[in-house]
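Chemist: Those protein sequence lines, which keep their order, are chains A and Z.
For the first sequence, this note's numbering assigns the number 8 to the initial residue and increments by one for each residue that follows.
For the second sequence, this note's numbering assigns the number 8 to the initial residue and increments by one for each residue that follows.
Backbone N, C-alpha and C define an ideal beta-carbon position, used for all residues, glycine too.
Predicted, not measured: the structure shown is a model, and the values here were computed from it.
2 protein chains.
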Amino acid sequence: MEYNTAFSLNMLEYDLVTVDKSTIFRTLTLFEQQKLIHKIEDGSGSTKYALCVEGCNCEAIDQHFHFHCTNCKETFCLTELNIPNIQLPSKFEMKQANVVLKGVCANCNL
Amino acid sequence: MEYNTAFSLNMLEYDLVTVDKSTIFRTLTLFEQQKLIHKIEDGSGSTKYALCVEGCNCEAIDQHFHFHCTNCKETFCLTELNIPNIQLPSKFEMKQANVVLKGVCANCNL
DNA sequence: TTAACATTGCAACCAGGTTGCACAGATTAA
DNA sequence: TTAATCTGTGCAACCTGGTTGCAATGTTAA
Ligand SMILES: [Mn+2]
Ligand SMILES: [Mn+2]
Ligand SMILES: [Zn+2]
Ligand SMILES: [Zn+2]
Numbered sequence: 008m009e010y011n012t013a014f015s016l017n018m019l020e021y022d023l024v025t026v027d028k029s030t031i032f033r034t035l036t037l038f039e040q041q042k043l044i045h046k047i048e049d050g051s052g053s054t055k056y057a058l059c060v061e062g063c064n065c066e067a068i069d070q071h072f073h074f075h076c077t078n079c080k081e082t083f084c085l086t087e088l089n090i091p092n093i094q095l096p097s098k099f100e101m102k103q104a105n106v107v108l109k110g111v112c113a114n115c116n117l
Numbered sequence: 008m009e010y011n012t013a014f015s016l017n018m019l020e021y022d023l024v025t026v027d028k029s030t031i032f033r034t035l036t037l038f039e040q041q042k043l044i045h046k047i048e049d050g051s052g053s054t055k056y057a058l059c060v061e062g063c064n065c066e067a068i069d070q071h072f073h074f075h076c077t078n079c080k081e082t083f084c085l086t087e088l089n090i091p092n093i094q095l096p097s098k099f100e101m102k103q104a105n106v107v108l109k110g111v112c113a114n115c116n117l
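(1) Looking only at DSSP bridge pairs, what is phenylalanine 72/A linked to?
(2) Report the three-state DSSP secondary structure of glutamate 48/Z (helix, strand or coil).
(3) Contact check, leucine 85/Z vs proline 96/A under 8 angstroms by CB: the rounded distance?
(4) Helix, strand or coil for glutamate 100/A? Go by DSSP, reduced to three states.
(5) What residues in the stretch 89-105 of chain A bring their beta carbon closer than 9 angstroms to a beta carbon of chain Z?
(6) Just checking asparagine 78/A against ligand 4 - is the residue's beta carbon closer than 7 angstroms to any of the ligand's heavy atoms?
(7) Quick one: list the residues of chain A neighbouring threonine 77/Z, beta-carbon separation under 9 angstroms, in chain order.
(8) Would you mind telling me which residues of chain Z sit closer than 8 angstroms to asparagine 7/A, beta carbon to beta carbon, in chain order?
(9) Reducing DSSP to helix, strand and coil, say where leucine 58/Z ends up.
(10) Three or more C-beta pairs closer than 8 angstroms, one from the stretch 73-84 of chain Z and one from the stretch 69-82 of chain A: is that the case here?
(11) Counting Cβ pairs, one atom from each stretch, are 3 or more of them under 8 angstroms apart for the stretch 47-59 of chain A and the stretch 107-114 of chain A?
(12) Which residue comes first and which comes last in the alpha helix (DSSP H) that contains threonine 34/Z?
(13) On a Cα-Cα basis, can you pick out the residue from Asn116/A, Leu88/A, Glu87/A, Ala67/A that is closest to lysine 102/A?
(14) For leucine 23/Z, does the three-state DSSP call read helix, strand or coil?
(15) Step through the CB atoms of chain Z and report whether any lies within less than 8 angstroms of the CB of valine 107/A.
(16) For asparagine 105/Z, name the three-state secondary structure that DSSP assigns.
(17) Are three or more beta carbon pairs between the stretch 24-42 of chain A and the stretch 26-46 of chain Z nearer than 8 angstroms?
(18) Considering only C-alpha positions, which residue in the set Gln94/Z, Glu100/Z, Asn116/Z is nearest to glutamate 100/A?
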């Protein structure tokens, strides 16, 4: 199977029927360390993951916006939308970001 | 006591020794509904809350950035930094946001 | 004063996430 | 080839944050 949107540990557990949750968890952790996937905290209660794409640049400082649909609960990587250059307060040094916009997605909007 | 940064249920439970967790939880839920406080998902494992300030405008579409220090684990409301107007993909309609930048805060930076 | 309602604490529960451990298969060294 | 070792996996148990039912207590209004 293949996901168009971000996926959670539980979703994987459901789809990969034969594989144990702990194994999936350890694999996700590994993939994350290798920067193959990135975590998204969308506030839905469970951590989501998404494949890193060409130029995802997760290890570097720039990252993209995400969108969580409060209707269908899907979480999208808006890979086109990079977070703009922010003027942080003095001495604050940004390393990563977790940027999630929420609302209604195109599928759910009429 | 008073917090300069965002606080969690557990922090409140620790500080408000005499009050039960469930009571604090229900109060937080109530305050959130009344838009007195807002939730922040900073990815630290526990939901943080912060007081809504004059013009916080949490019910409306605009909201501010947050900063989570990966060193001291504090989460700051950057109330000055409103999220910019984003050109979302067609039909996507934004209602709220959870925007958390991560890195090292001023206190921890040298 | 009494009945109705609201607030609280306690304990139990739930879900997502995480870990220890033992076992089996694969890998490597003798 | 055989023995020793390493690796991947499942299972079960655990942890933590969050949430709820219920009974006891406190508050308000007739
Ligand atoms: Mn993403
Ligand atoms: Mn805030
Ligand atoms: Zn949707
Ligand atoms: Zn700090």
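Modeler: The short version:
(1) In the DSSP output, where bridge partners are listed per residue, phenylalanine 72/A has Leu85/A.
(2) Coil at glutamate 48/Z, not helix or strand.
(3) Taking the Cβ atoms as the reference, leucine 85/Z lies roughly 7 angstroms from proline 96/A, within the contact range of under 8 angstroms.
(4) If DSSP states are grouped into helix, strand and coil, glutamate 100/A belongs with the strands.
(5) Result list: Ile90, Pro91, Ile93, Gln94, Leu95, Pro96, Ser97, Lys98, Phe99, Glu100, Met101, Lys102, Gln103, Ala104, Asn105.
(6) Flag unset: Cβ of asparagine 78/A not near ligand 4.
(7) Ordered by position in chain A, the residues that pass the 9 angstroms Cβ test against threonine 77/Z are Lys102, Gln103.
(8) Residue 7/A lies beyond the range of chain A shown here (8 to 117); nothing can be said about it.
(9) Looking at leucine 58/Z - three-state DSSP - the assignment turns out to be strand.
(10) No contact exists between the stretch 73-84 of chain Z and the stretch 69-82 of chain A.
(11) Judged by Cβ distances under 8 angstroms, the stretch 47-59 of chain A makes contact with the stretch 107-114 of chain A, as three or more pairs qualify.
(12) Boundaries of the alpha helix (DSSP H) harbouring threonine 34/Z: 28-40, taken from the DSSP string.
(13) Nearest of Asn116/A, Leu88/A, Glu87/A, Ala67/A to lysine 102/A, Cα basis: Ala67/A.
(14) Leucine 23/Z falls in the coil class under three-state DSSP.
(15) Interface flag for valine 107/A against chain Z is set, since a Cβ pair is found closer than 8 angstroms.
(16) Strand at asparagine 105/Z.
(17) No, they do not touch.
(18) Distances from the CA of glutamate 100/A to each of Gln94/Z, Glu100/Z, Asn116/Z were compared; the closest alpha carbon is that of Asn116/Z.
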